[in-house]
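A short write-up of the structure that comes next.
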Amino acid sequence: MPANDECPQLNSALVDIFPELGSPSNAKKMKWLKPNSRVAKLHATFKQFPIRHVPILETNPGELKALISRVDYAAMMTPPTEKIPIDRLSEEEWRDVNDFIKDTAGKPISEVFERFFRGETQKLFSTDRLKDAIKKLSEIQVDGQNNINRRYRTLPVFDDNELLVGMLSYTNIFRAIQARQGCEKFRNKTVREIYKEAEKLTTLSADKTMLEAAMLLDECVFTHIPIMKAEGSRIVTGIVDDLTIATYQHPLLLDCFEELSLDDIKTSITDENTVKPTDSVGDVIEKFLTITYPERPTAILACTKDNNGEFVLQGIVSYTDILKKFSSWRDGNNQIQNQEE
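For the sequence shown, my numbering gives the first residue as -8, with consecutive numbering after it.
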């Protein structure tokens, strides 16, 4: 099997799997901002480019000061106008929202997102091993001192001279798994082998409120909540994630949105954004990759259908489930190969 078709080794350096991380020309394409860049520029960067995380540096090469994600941004800002139910806000409340946006737009990123500049920010080096990158992308990073729990879905990658040479996302690893013939056995596993079963999931019914979902996500370690047709039902109608909740949870709008139902804000499920338990891991990875930005999910529901054509929840598979299972599978294969040698 050609070397470039081999399934990525966990101990391989990132630059050996993703050659672009060793390319100076790739470094020139990186989007990054300075601590004193205005929030308006951060907004424009998220809006104009298909990225979920923006590194904050004084210079490049230079020290990573912070990493701001779309979830971080959504949690600080008021929702975009199209996300606000117009009939819920009075004229005075609309003025408050407009004034907040006007006042915040001109402030430096380091002031508005000050909490993310404290403590250590996760990053990778192009010489790091794939297994270490998977670990950082899969686990929640707990900063007890600053009361911040974060999950990084993308991490900046630096070379040995502290030059930002790339961004590594779970989607990059997924594409490598899909493209390499040597990963075929992993891709052929079924969704049922890797998902979290419905019985082990925390769900909410569609009539529950945004604030109830927000409290769950704040206090627990998961980032997605399946939305059920009714309490105790196995019929699932949608899903909400941390980005959706962060978008609506803002001090200015707390009173307006406290009774906003999950039915109003959920992402409704369809054949296109769900998988069946019998589908292959390759099939579910393809769903993660083909649902276009910014709707690209970080978790997908596994469902069957009842006689009425309604979706019955069987489980959920997140990008972290796939990364962890791939790491475990690849590690097991390595052990078998070593024993044979």
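Backbone N, C-alpha and C fix where the C-beta goes; we use that ideal spot for every residue, glycine too.
Taken through DSSP and simplified to helix, strand or coil, residue 296 comes out as strand. Pairing residue 187 with residue 215, the inter-Cα distance amounts to about 12 Å. Only residues of its own chain outside the window of five on either side were considered, and among them 69 and 243 have a CB closer than 7 Å to the CB of residue 91, listed in chain order. Assignment of residue 40 by DSSP, reduced to helix, strand and coil, places it in the coil class. A Cβ-Cβ separation of about 12 Å leaves residue 104 out of contact with residue 65 under the 8 Å criterion. Counting along the chain, no beta strand (DSSP E) covers residue -4, and no H or E run does either. For residue 145, the enclosing beta strand (DSSP E) begins and ends at 145 to 149. Here residue 36 has 22, 24, 42 and 45 as same chain residues with Cβ atoms under 8 Å from its own Cβ, once five neighbours each way along the sequence are excluded. Taken in chain order, the complete alpha helix (DSSP H) segments of 4 residues or longer contained in the segment 178 to 250 are 201 to 210, 233 to 239 and 245 to 248. The C-beta distance from residue 238 to residue 197 rounds to 18 Å, too long to meet the 8 Å contact threshold. In the structure shown, the three-state DSSP call for residue 154 is coil.
In this structure, residue 11 sits away from residue 171, with a CB-CB distance that is not shorter than 8 Å. Judged by DSSP in its simplified three-state form, residue 265 adopts strand.
The alpha-carbon separation between residue 129 and residue 151 amounts to approximately 24 Å.
Membership of residue 173 in any beta strand (DSSP E) is not indicated, and neither H nor E is assigned to it by DSSP.
Spanning the alpha carbons of residue 305 and residue 295 requires a straight line of approximately 7 Å. The residues 192, 194, 227, 230, 292, 304 and 307, in chain order, have a CB closer than 7 Å to that of residue 217 in the same chain once the five nearest residues on each side in sequence are set aside. Non-local C-beta neighbours of residue 52 in its own chain, meaning closer than 6 Å and more than five positions away in sequence, comprise 152, 153 and 154, ordered along the chain. Contact between the segment 83 to 100 and the segment 27 to 36 is established, with three or more Cβ pairs separated by less than 8 Å. In the DSSP assignment, residue 304 falls within the beta strand (DSSP E) that extends over 302 to 309. Secondary structure of residue 131 (DSSP, three-state): strand. Of the other Cβ atoms in all chains shown, fewer than 16 fall within 10 Å of the Cβ of residue 40; this residue is therefore exposed. The residues 201 and 239, in chain order, have a CB closer than 6 Å to that of residue 248 in the same chain once the five nearest residues on each side in sequence are set aside. Taking residue 131 as reference, the option from 225, 213 and 159 with the minimal CA-CA separation is 213. Per DSSP, reduced to three states, the secondary structure at residue 287 is coil, with no helix or strand assignment. Counting the other CB atoms within 10 Å of its CB gives residue 89 a total below 16, which places it among the exposed residues. By the Cβ test, the segment 157 to 165 is not in contact with the segment 74 to 84, since fewer than three Cβ pairs between them sit closer than 8 Å.
A Cβ-Cβ separation of about 6 Å places residue 256 in contact with residue 235 under the 8 Å criterion.
Residue 116 is bridged by DSSP to 149.
Here DSSP, grouped into helix, strand and coil, assigns residue 141 to strand.
The beta carbon of residue 143 sits closer than 8 Å to those of 44, 58, 60, 113, 127, 128 and 132, all from its chain and outside the five residues before and after it, given in chain order. Here residue 275 is not near residue 117, since their CB atoms are 8 Å or more apart. According to the DSSP assignment, residue 56 belongs to the beta strand (DSSP E) that extends over 55 to 60.
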